[in-house]
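**Q** Pasting a structure here, questions to come.
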Amino acid sequence: MTVRVRFAPSPTGYLHIGSARTALFNWLFARKTGGAFLLRVEDTDLQRSTEESTRSIIAGLEWLGIADYDEEIVFQSRNADNHRAAALRLVAEGKAYRDFTPKETRADADVKQEIAARARGAAAEGVDHRSNPYRDLPLEESDRRAEAGETFAVRLKVAREGRSSFVDAVYGAQERVYSEIEDLVLLRSGDLSPLYNLSVVVDDIEMDITHVIRGQDHLTNTHKQALIYGALGVAPPTFAHLPLILAPNKAKLSKRKHGEVVSLTTYRDRGFLAAAFRNFLALLGWSPGEENREIMTLAEMVEQFSLEGIHRSNAVFNFSEQDARQWTDQKALWMNAEYIRTMPLEELLPLVRSELEASGLWRPEYSDSESAWFGRTVELIRQRFYTLKDFSGQGRAYLSDEFEFDDAAVAKNLKKEPRLKELLPALAARLEAVEPWTVENIEAALRAFADESNVKAGLFINASRTALTGQAVGPSMFDVFEVIGRERSAKRLRDAARLV
RNA sequence: GGCGCUAUGGUGUAGUUGGUUAACACGCCGCCCUCUCAAGGCGGAGACCACGGGUUCGAGCCCCGUUAGCGCUGCCA
């Protein structure tokens, strides 16, 4: 049997990084097993689903490089008729029943507490989960009342005795006694629109899904779905639940509380490389085992991936809301930097180009007459960059004559030595005579001039760094001179004399 | 409240059928390199493997209990 998996997000917001990881694992498993990877948009809650959200989810998957679905995207809402028919069939077969209890609406805000409170109350009074006055209503009477126009919801009839069990590919054998499971609602009263558990099952059957890989928050409710499979007379697929990704305080990662760190697009927009972030995400809740490898290409991850390598304990996504430098997980940042400085230059160049175009720093010559220079410059500055944004930020002075001076750098490297006012223009003149303009010649000229001027070469080097780049830190200064060029270097040295 | 899941340094993890000084990565500290900052190299701090009992010659690995965290308990998904 060929493997068929699906990623099934509900389009009620941006693509959460936890969902992105679920998508990744599904994709990895499909590619590993030579199976099919499908996308199903679970938009049964029409109140909250938006097209905008669907677009952003798809854009996120595209960015991650896992948007090569093997079949057309399925929109769950379009199958509502099938879902409803399945539920009604169960009513006819006596496996489900109409519940004529009036619908009670719930405020979305604090449902969780409300539910817990209700459950506590029910437990205190010893109320059975399946006690419902309509559960054993004769079918004829039920049909009659329905025909008479009474509104009703449809509930699955959970057996009185026995237990539900299934083997989760990650969490192992799972068991739950039926008395713990309520007669879940399949169709809402009134419009008879299908609810999540029903829709998922019917669609997974229709799509021939063999493995359901999803967040652990669905683990206990899987018994309910297993029950629906049973009622429908279909063997359930293999379930594989994934550990959750938690915030530093171990709470669930949510937009309300944690903001943009949990949105996948944030990473794209803040200069992350898809390959790096994907790599980082894969390691949250999964590891290739034995070798304990970390930096892996997509192909290597596919090679190493297995459901057995998935953990059972939740992972913490480590970041700090107080410290801007730790706005996201430090390891993700490190990994991004690692990718930026070690990936093949020709793969990085197009990404840098996009960033420069977006920030107005791109010039056509960079891919034409100055492509060699551009490549050399990127190679030089990428060594200490963390994100693509750094190319237009810290890297600005290498690509544009309009850049800012860091006050601390000016104070430290220019203002502390008054003689630089005369020395800098003199150094400029000296460098203008260097021929050919090579790193070695530049270094020789600068050191010779430092000797003659009776100052340490370091004084010139550090002053030059600030004069040429506006910063106190950067690559080896002679490389910087070489890359910035003779004329521009000389001009910047003279201009900087005014800052002394 | 009930049910379920989980528990290795601050974080992510390794630790194959019980036999080690409990390993790696990020982060942190120091040294080297050096024109700065990184990178890199070397070294260090940081885990009585949640706690308490067992089983065993021997337990991070097996069993029981406790605690904590998380999840589910919805006519949300």
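Numbering-wise, the first sequence is residues 544 to 1043 according to the numbering used here.
C-beta atoms are modelled at their ideal positions from N, C-alpha and C, and glycine is treated no differently.
Just so we're clear, the structure is a prediction, and the values are computed from it rather than from any experiment.
Over the uninterrupted alpha helix (DSSP H) stretch that includes phenylalanine 1021, give me the two end residues.
**A** Per DSSP, phenylalanine 1021 is one residue of the alpha helix (DSSP H) stretching across 1020-1027.
**Q** Whose C-beta lies closer than 8 Å to the C-beta of leucine 827 among residues of the same chain, with five residues either side of it excluded?
**A** Arg564, Ile788, Ala858 and Phe860
**Q** What's the C-alpha gap between phenylalanine 572 and alanine 901?
**A** Whole-angstrom Cα-Cα distance: 35 Å.
**Q** Going by C-alpha to C-alpha distance, which of Asn879, His672, Val1026 and Asp734 sits closest to arginine 919?
**A** Val1026
**Q** Assign methionine 544 to buried or exposed, taking buried as 16 or more other Cβ atoms, counted over all protein chains shown, within 10 Å of its Cβ.
**A** A residue is called buried once 16 or more other Cβ atoms fall within 10 Å of its Cβ, and methionine 544, having fewer, is exposed.
**Q** Just mark isoleucine 756 as buried or exposed, buried being the case when its beta carbon has 16 or more other beta carbons within 10 Å.
**A** buried
**Q** Taking the alpha carbon of lysine 959 as the point to measure from, which residue in Val1043, Asn997 and Glu947 has its own alpha carbon closest?
**A** Val1043
**Q** Return the CA-CA distance between isoleucine 771 and arginine 719, expressed in angstroms with no decimal places.
**A** 15 Å
**Q** Would you tell me roughly how many angstroms separate the C-alpha atoms of serine 707 and tyrosine 721, rounded to the nearest one?
**A** 6 Å
**Q** Going by the CB atoms, is the gap between aspartate 746 and glutamine 873 shorter than 8 Å?
**A** no
**Q** Can you tell me which of the three DSSP states glutamine 869 falls into?
**A** In the structure shown, glutamine 869 adopts helical secondary structure according to DSSP, grouped into three states.
**Q** DSSP three-state label for aspartate 642, please.
**A** strand
**Q** Determine the direct distance from the alpha carbon of glutamate 834 to that of glycine 733, and round the result to whole angstroms.
**A** 57 Å
**Q** Just curious, the beta strand (DSSP E) that threonine 781 is in, first and last residue?
**A** Threonine 781 -> beta strand (DSSP E) spans 781-785.
**Q** Tell me, to the nearest whole angstrom, how far the beta carbon of arginine 1031 is from that of tryptophan 980; I am working on the premise that it is less than 8 Å.
**A** Incorrect: roughly 11 Å between the Cβ atoms, too far for contact.
**Q** If you run the structure through DSSP and keep just helix, strand and coil, what is leucine 841?
**A** helix
**Q** How far does the alpha helix (DSSP H) with alanine 954 in it reach, from first residue to last?
**A** Note, alanine 954: premise wrong, no alpha helix (DSSP H); not H, not E.
**Q** Quick one, which of Leu741, Leu888 and Arg703 has its alpha-carbon nearest isoleucine 924's?
**A** Leu888
**Q** Whole angstroms are fine: how far does the CA of glutamate 657 sit from the CA of aspartate 642?
**A** 22 Å
**Q** Please classify isoleucine 838: is it buried, with 16 or more other beta-carbons within 10 angstroms of its beta-carbon, or exposed?
**A** exposed
**Q** Sort out for me which residues DSSP pairs phenylalanine 550 with in a bridge.
**A** Paired residue(s): Leu582.
**Q** Check for me: the beta strand (DSSP E) holding arginine 757 runs from which residue to which?
**A** 754-758
**Q** Considering only their Cβ atoms, is the gap separating alanine 1000 from alanine 1010 smaller than 8 Å?
**A** no
**Q** Could you give the distance in angstroms between the alpha-carbon of threonine 648 and the alpha-carbon of serine 935?
**A** 52 Å
**Q** Taking Cβ positions, are leucine 633 and tyrosine 612 nearer each other than 8 Å?
**A** no
**Q** Exposed or buried, which one is aspartate 933 when buried takes at least 16 other CB atoms within 10 Å?
**A** Under the 10 Å beta carbon count, aspartate 933 is surrounded by 16 or more other beta carbons and is classified as buried.
**Q** Indicate the three-state DSSP secondary structure (helix, strand or coil) for serine 736 in the structure shown.
**A** Shown here, serine 736 sits in coil according to DSSP, grouped into three states, outside any helix or strand.
**Q** Kindly give me the distance between the Cβ atoms of isoleucine 609 and alanine 566, rounded to whole angstroms, as I take these residues to be in contact under 8 Å.
**A** Yes, they are in contact, since the Cβ atoms of isoleucine 609 and alanine 566 sit about 6 Å apart, within 8 Å.
**Q** So what does DSSP say about lysine 795, is it helix, strand or coil?
**A** Lysine 795: strand per DSSP, three-state reduction.
**Q** Just to confirm the assignment: which complete alpha helix (DSSP H) runs, minimum length 4, are found wholly within the segment 843-907?
**A** 873-885 and 888-901, all fully within the segment 843-907.
**Q** According to DSSP, is glutamine 768 helix, strand or coil?
**A** helix
**Q** I need the boundaries of the alpha helix (DSSP H) containing leucine 536, first residue and last residue.
**A** A query on residue 536 cannot be resolved here, the shown segment of the chain reaching from 544 to 1043 and no further.
**Q** Cβ of phenylalanine 815 within 8 Å of Cβ of threonine 694?
**A** no
**Q** Mind checking which residues open and close the beta strand (DSSP E) that includes glutamine 717?
**A** 715-720
**Q** I want to check one thing, is the minimum distance from the CB of glutamine 768 to the heavy atoms of the ligand HEM below 7 Å?
**A** Inclusion of the ligand HEM in the displayed structure is not the case, the ligand content being empty and no account of it being possible.
**Q** Along the alpha helix (DSSP H) that carries phenylalanine 1003, what are the first and last residues, could you check?
**A** 1000-1012
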